[in-house]
Structures are given as structure tokens and as C-alpha cells.
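Scroll down for the structure; my scribbles are underneath it.
Number of protein chains: 2
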Amino acid sequence: MFEIIILLILSAVAYFITAELIPNLSDLFIKAGLFGIDLCKTNKKKVPEAIGVVSGCVFLVTSFIFIPIVFGNGLMDTQNFPHNEFAELLAGLLSICCMLLLGFADDVLDLRWRYKLLLPTMASLPLLVVYYVNFNSTTFVVPIPLRQWLGISVNIGFLYYIYMGMLAVFCTNAINILAGINGLEVGQSVVIALSIIIFDIIELRGDQYKAHTFSLHIMIPYLATTLALLKHNWYPSKVFVGDTFCYVSGMTFAVVAILSHFSKTVLLFFLPQIINFLYSVPQLFHIIPCPRHRLPKYSEETDLLHASRTIIVKKDMTFITKLILQVLTMLHLTDKVEDEDCININNMTLINLFLIKLGPTSEVQLTTTLMAFQVFCTCVAFVVRYPMASYFYDS
Amino acid sequence: MFEIIILLILSAVAYFITAELIPNLSDLFIKAGLFGIDLCKTNKKKVPEAIGVVSGCVFLVTSFIFIPIVFGNGLMDTQNFPHNEFAELLAGLLSICCMLLLGFADDVLDLRWRYKLLLPTMASLPLLVVYYVNFNSTTFVVPIPLRQWLGISVNIGFLYYIYMGMLAVFCTNAINILAGINGLEVGQSVVIALSIIIFDIIELRGDQYKAHTFSLHIMIPYLATTLALLKHNWYPSKVFVGDTFCYVSGMTFAVVAILSHFSKTVLLFFLPQIINFLYSVPQLFHIIPCPRHRLPKYSEETDLLHASRTIIVKKDMTFITKLILQVLTMLHLTDKVEDEDCININNMTLINLFLIKLGPTSEVQLTTTLMAFQVFCTCVAFVVRYPMASYFYDS
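Read top to bottom, the protein sequences are chains D and A.
Heads up: the first sequence at position 133 corresponds to 133 in this note's numbering, and the numbers run straight through without jumps.
Heads up: the second sequence at position 164 corresponds to 1164 in this note's numbering, and the numbers run straight through without jumps.
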């Protein structure tokens, strides 16, 4: 308990330092050519980009300073020092630090796609090794209805490591593709972080309390520095967060999911990101034409956002394209305008889906609605995790 | 032995990957505005800057891949897994990764001086914690002649951690200020790395063999990736290495010095850097005027380098300035031209000192001479470490 209070104080300090540092360093970023123009505003000011590196660095330093405190008891008695827990924390921080480096390098250098998939995999290596050493449990508990075929648990062995590596890649990229309007990347990360913290607090009385304490040690300073970032990134954004932030956030969630053993629950908190990913698949894999940007379209007259659109040429349509369009139309998940030669549909992102359902919306309203949806999904996740899980698993 | 062979193979692969990646990524760096103009050349081409981040990343990834191999034996028997050694390696890599991030941020953003001193201190925190947990030996063995006053050993307690923190700051900055001509930063780092490796191999048969094996695990992939960097950075440089490289190198040497317990020996290998630092002190502390750059001056006609110079106005001279000038003149360590009002002396860096002793020299000759001096200092270090140390310490 004592260490959590210290952590809260440290995190509060980290919040104020981050909130102070960001405007102070903004000019340096613009001078270095790290800036963007906000496409959804009438003024075309330079907005500093990749500011996630500032909050990420403060987050890391806070965690470093916290190390001697969290292991304070162990330090009195170095014979019984919990080296394995210490190694876990170090591996987690190492993975996050790598991701911070790679995210920043990506923002500065604009790396190619293959590096974007390769790098999170590399960065998660220390994590997987520490998992292997400390747990090496590669067993899934089978839900009760399936046990007659599969038994109580299934050991998937090496595949479990593939699953964890993919989890890191998914988390880092999922946040990155549900983005584009002021405050959304940071806002959704705040909701996910809060969800994990609530889940940790509930589980603190369970037998996995150690794992959940570990998770809190990572999530609290993360949340504090992220809130400071949100303060400057909220509509109208004075800073952009960059890939840096999305990568660090994704890896932080992956670290907690893997080392605290609740990857399935974390995935439940990623429901909007999963929906957005699945909805994007036809465009990501170029089954439906994908323009370079799928941001909503800004109308200067009304100051509102409209869904952006793409055009499918009818004679280029394959069987799969037709099938996907049919399914989406049936489910009312697309806004389709057809003429003789072409089909004009909205770009398939969750943001555009909300826009076709809500009609033209102001940017701040849209971010708020999407964050409300994220909160709703967290509630769903808790329902799935608690009342429903007892039908599928022994409590 | 088996793992060293694997490490050698991995490092050879890392060498080739780094050597390939650097020219492939160079354009990305120039496009991102990360480039410099070589002041000691007649052509004014853009040379990509901060390429140390490429070799640094490959070095880190190689070390990650090596983790499961070095702990292979431990993994068979997870009950007796050496968690403390694992934590050491993780903490070392974490400090290096932090330094890579901060060095790159410095190259991109051009951070202020206070951050340059603060950041290595922060980055060395994980290192100090793991030292505290695993060793917490803060005792210096006293040389025999002093023992009648101080006893056999002195425990300096908390000061030892200050010493280690300062070591990290010193190592990172010492390489950074002995720089400015093609290949020098990387060349000196290669010589220091080789010196440490030779020292490790000599000591492998001693009772500290574990610490020296640890050191080899870090130094071999470091050396391989650094050699690949040298290939492109050697005269005429096709790439510049940036602060990134100096920071990573300094921290790598500090990690090895601290966790393998031979910080005094590592400092012996830093003799040219220490000489350069001491010689620079009057200018670094502005006792003697210090221009923004102290690079040698390039003469286009002769293609040779000359010592660059600074001017001291006589009436501004304080007592300390006069004293320093007197001592330097007495020791023949300066080239002084005096008139009525001013004194014109060479900028006080080791590079300029060599130039006033050797006369105008070509750039490649100068780098080679300075590297030869570094090798000479390594020989001196070994004489001090082995034959001489036995007079001062029990063997």
C-alpha cells in the first residue's frame, strides 16, 4: 500500500512536469522539422508532431525512479531479493523503451511498412524471454462447453509465444489506425488505461494480486503522463502525438497483458480497436480501393466533419469485393451511392462509420462520442469478464 | 565457450546487416533533414547525420536475440535460473537503449546542455539499482603505500553511487568532445572496445571470469556493429555518426565498467579522452575564450588541416588565465603568438595539440595518428594494470 501512495505522488509530479515540458519543448520540434498541419482547421498553423516522445520519456524516468521504492523491502534483505520480479519490470521497461525509440525514429525518418511490423516484434523479445523464464505457461484454459472435445486445458506450446508477439504488434498498430482527429489516440488510451486500472483494483483481493500490483506499477505513471499529453492534444490540438505515442501505448498495454497474464481481458478493452481493424481489413488489404489518407473530410463553411469516401470502379470488382459490399450493406455498415460505372462508399474506419450514422459532426463532438463508445465497450468487457465468464469457466 | 561461438556468428551477421543498412537508409536521414556538411572537404555534399542510431539498433537487437542463447543452460533448469545475472543484462541493455533514444533525440532536436548532463544520469539509474541489488559493494581497496593511514579498504558508501553515475556522464561526454574529424569518434571507440575485449580474455582464467564473460557478451556485438559503422564513417566519411553514437558508446563502456567491476581499468583505457578533457577544461569553463567550434581549420589549397586558434584580449586576462598560460607554455603544450593587445593560441583540444606538434597534416593521417596514440595508451594501461599494479596491490 505504502509504495502505491509513493507512486501516486511520483505520478502527480510526472503529470505536472510533462504538462510543463510539452509547451516548452514545442519550438524545438518545429525547428527540427517535426510538425504537421491540422487538416480539420481553417488556420494552417504548424503543430509540433511526435510529442509522445516527451510523455514517454517522463513515463520511463518515473518508472526508473520508482524501482528502488517498489523493491525497497527486498533491498533490506538482499538474500531473498525477488530477482525474477525485478527482471520482469526491467524487461517490460526495456520493451517500452525500445518502442519509444522506434516510434520516434519512425516519426523522424518515416520508415517503410515492413519495419513497422518487424520492429514491435523485435522490441517484444525481452518480454518473451522473461515470460519464458518466469512462467513458461503456454496453456489455455478451455471454456466449459468445449471441454468434452478439448479437455480442461490445451497446451499450445511455441504457438503461445507467436500469439504474444502478435499481441504486441496488434496493440501497437491498433491504436495507430484508430486516429486522425484531435485527442482520439490519447483519449482512447486513457480509457483503456483506466479500464485496466479498475480491473487491477478489483483483482487486488484475488490470488493474482502480485500480477495486478505489477500492472498498477506500470499503468499509474503511464496514465499520469498520458493525461498531461491529453491536456495539450485535446481539441483544438496544440501538439500532435505521433506514431511514438501509439507505439509506446500499445507496447505498454501489451507488457501488462503478457506479464500480468490477462491478455484476453486486455483484448476485451480493445473492442473498438478490434472493430475498427476488422472494418478496415477490406481496405488495408486493398480488396476495396484505399486512398493514402482516410481522415474525415472537413468543411470550412460549417466547421463540421463529413465521412470521407472512396470510389470502386464496377468493372474492376472481383467476387470478394462484391461479397463484402453485400454483407456490409445488409448490416447497414456502409453508405453507398451507386451510378452506372462506379460505387461511391465511405472509407471504412470506425470514425467514418460514426459520421455516416450521426451525420456531419463537429470534431470535438466526434472525439467525445468515440470515447463514450470506448467507455461503453469497457462496460461490455466487464460484463463479459465477470457475470458471463462464470458460465464458461469455473469461478 | 559454445555461446561465445554463437555470439561471434551472430555478431558477424550483425556486421553485414549494419554495413548493408547504412547506405540503404542514408537517403531517409537526408530527407528528414538529418544531414551535415563536411567542413574539411572541398565538395559541399550533404552527409547523413546521426547514423549511430542504425548501428545502435542492430547492436541492441543482436543482444536481444542472444539473450535466450546465453541463458540457454539456465532455461533447461528454470528452478536454478540465474535471475540476478539476467536482471544485470536487462538493466545494462535498458541503460544503453535509453541512451540511444536520448542521443537520437538530441541529434534531432538539438537539446540544451543541461539535458545532456541530466539524461545520462537518468539513463544510468537502472544500472545503479541492479548494482545495489546484486553487489552493493561500495568498497575501494587501498593501495599498499597508503594503507598505514587508510587501512586495507575504504567503504565510501553512497559516494560510490555518485562515482558510478558520474562515470556514465563522463564516458558519454568524453568521446563526444574528442571528435570532429572523419572516423575519430568511431575509431577511438573501436580501440577502447578491443582493449576491453583483450583484458576480458586475459582475465577469463581468473576468479572474476563470470564478470568478464558478461563483459564479452556486451562488447562483441558492440564491436561488430561499430566496425560496420567505421567502414562508412572512415575518411572520406559517407555518413556522420552523431551524438547518438557517442552516447551509446559511452554508456556501453560504463555498463561494462560498472557491472563487471573494472571501472578503474576502463578509465585507464580512456587515457586520451581524459587528457583531452583536462586540456579542454580551461576553455570548457570559459577561463580561456571558447569559440563555438574548435575543429581544426581546413586549407583548400593544400588539403591539409591546421590547428584552429582563439584570441585572448590581454586586458581581460585574470590571474587564473595568466597562470594557466604560464603552465601550458612551460610544458610546451601550446602554440602562442603574442602582440601588444592580444595573445593568439591554439584551441585546446588533443586534435589541435597534435596539429601544432606535427605541423599541418592531412585528415586521414591525423585520425590514424590519434588512433595510434589511443593504442599506445592502451599499452600503457596494460603496463599500469599488470606489472605496476602488483607494487600497489597484493596480487
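The beta-carbon is built from N, C-alpha and C at its ideal position, and this holds for glycine as well.
Beta-carbon gap between residue i and residue j smaller than 9 Å
i         : j         : result
His1232/A : Ile1030/A : no
Phe424/D  : Leu259/D  : Because chain D spans 1 through 395 in this model, residue 424/D falls outside it and cannot be assessed.
Phe241/D  : Ile51/D   : The displayed chain sequence assigns Val, not Phe, to residue 241/D. In contact: Val241/D and Ile51/D (Cβ atoms closer than 9 Å).
Ala14/D   : Val54/D   : no
Leu333/D  : Ile181/D  : no
Leu1355/A : Asn1346/A : yes
Leu1178/A : Asn1276/A : yes
Ala228/D  : Thr18/D   : yes
Ser1026/A : Val1186/A : no
Ser1299/A : Pro1360/A : yes
Gln148/D  : Leu370/D  : no
Asp107/D  : Glu20/D   : no
Ile1069/A : Leu1010/A : yes
Pro253/D  : Ile192/D  : The amino acid at residue 253/D is misidentified as Pro; the sequence shows Phe. Against a cut-off of 9 Å, the Cβ pair of Ile192/D and Phe253/D comes out as a contact.
Thr1302/A : Phe1059/A : no
Leu93/D   : Ser124/D  : no
Cys97/D   : Cys1097/A : yes
Tyr163/D  : Ile152/D  : no
Lys1315/A : Asp1339/A : no
Cβ-Cβ separation, residue j to residue i (assumed contact under 8 Å), whole Å
i         : j         : result
His1217/A : Leu1204/A : Wrong, their Cβ atoms sit about 12 Å apart, outside the cutoff.
Leu271/D  : Cys171/D  : Not confirmed; about 13 Å, so no contact.
Ser1095/A : Val1255/A : 6 Å
Val169/D  : Pro120/D  : 5 Å
Ala87/D   : Phe1002/A : At roughly 23 Å, the Cβ-Cβ gap does not stay under 8 Å, so Ala87/D and Phe1002/A are not in contact.
Val1141/A : Tyr1393/A : 6 Å
Thr139/D  : Val154/D  : 7 Å
Ile220/D  : Leu90/D   : Wrong, their Cβ atoms sit about 18 Å apart, outside the cutoff.
Leu1268/A : Ala1372/A : About 17 Å; that fails the 8 Å criterion.
Tyr235/D  : Gly183/D  : 6 Å
Leu223/D  : Ile201/D  : Not quite, the Cβ-Cβ distance comes to about 13 Å (not below 8 Å), so this is no contact.
Asn84/D   : His1083/A : 5 Å
CA nearest to the CA of residue i, picked from the options
i         : options                                    : result
Leu1117/A : Asn1134/A, Met1099/A, Val1129/A, Val1130/A : Met1099/A
Ser1280/A : Thr1310/A, Leu1125/A, Leu1304/A, Ser1299/A : Thr1310/A
Gly165/D  : Leu184/D, Gly157/D, Phe135/D, Met122/D     : Met122/D
Phe1071/A : Ala1105/A, Phe1059/A, Ile1004/A            : Ile1004/A
Val1047/A : Ala1257/A, Lys1336/A, Leu1028/A            : Leu1028/A
Leu101/D  : Tyr160/D, Gly56/D, Phe64/D                 : Gly56/D
Asp1110/A : Thr1252/A, Asp1303/A, Gly1033/A, Tyr1209/A : Gly1033/A
Ala389/D  : Asn24/D, Leu93/D, Pro145/D                 : Pro145/D
Gly103/D  : Gly157/D, Met251/D, Ile274/D, Phe64/D      : Met251/D
Phe1081/A : Asn136/D, Ser63/D, Asn43/D, Lys45/D        : Asn136/D
Arg112/D  : Asp1207/A, Asn1024/A, Gln1374/A            : Asn1024/A
Ile343/D  : Ser237/D, Ile65/D, Pro289/D, Arg114/D      : Pro289/D
Ile1067/A : Met317/D, Val133/D, Arg114/D               : Val133/D
Where residue i falls: helix, strand or coil (DSSP)
i         : result
Phe285/D  : coil
Arg1309/A : strand
Tyr1298/A : strand
Glu1338/A : strand
Phe199/D  : helix
Ile1162/A : helix
Val1241/A : coil
Ser1215/A : helix
Gly33/D   : coil
Asn43/D   : coil
Leu178/D  : coil
Asn1349/A : The question names Asn, but residue 1349/A in the sequence shown is Thr. In this structure, Thr1349/A counts as coil in the three-state DSSP scheme.
Phe277/D  : helix
Ser1153/A : strand
Phe448/D  : There is simply no residue 448/D to check, as chain D begins at 1 and stops at 395 in what is shown.
Thr1367/A : helix
Leu304/D  : strand
Ile343/D  : strand
Thr1361/A : strand
The region 257–270 of chain D contacting the region 317–325 of chain D, beta-carbon criterion three pairs below 8 Å: Touching, no.
At least three beta-carbon pairs within less than 8 Å, the region 1037–1049 of chain A to the region 1286–1299 of chain A: Below 8 Å, enough C-beta pairs join the region 1037–1049 of chain A and the region 1286–1299 of chain A to call them touching: three or more.
Cβ pair count under 8 Å reaching 3, the region 232–252 of chain D against the region 160–175 of chain D: In short, these stretches touch, since the Cβ pair count reaches three.
contact_flag[the region 358–371 of chain D, the region 327–336 of chain D] where n(CB pairs < 8 Å) is 3 or more: With a cut-off of 8 Å on Cβ pairs, the region 358–371 of chain D is not in contact with the region 327–336 of chain D, counting fewer than three such pairs.
Touch test, the region 349–362 of chain D against the region 273–291 of chain D, Cβ-Cβ under 8 Å, three pairs minimum: Verdict: yes, contact present.
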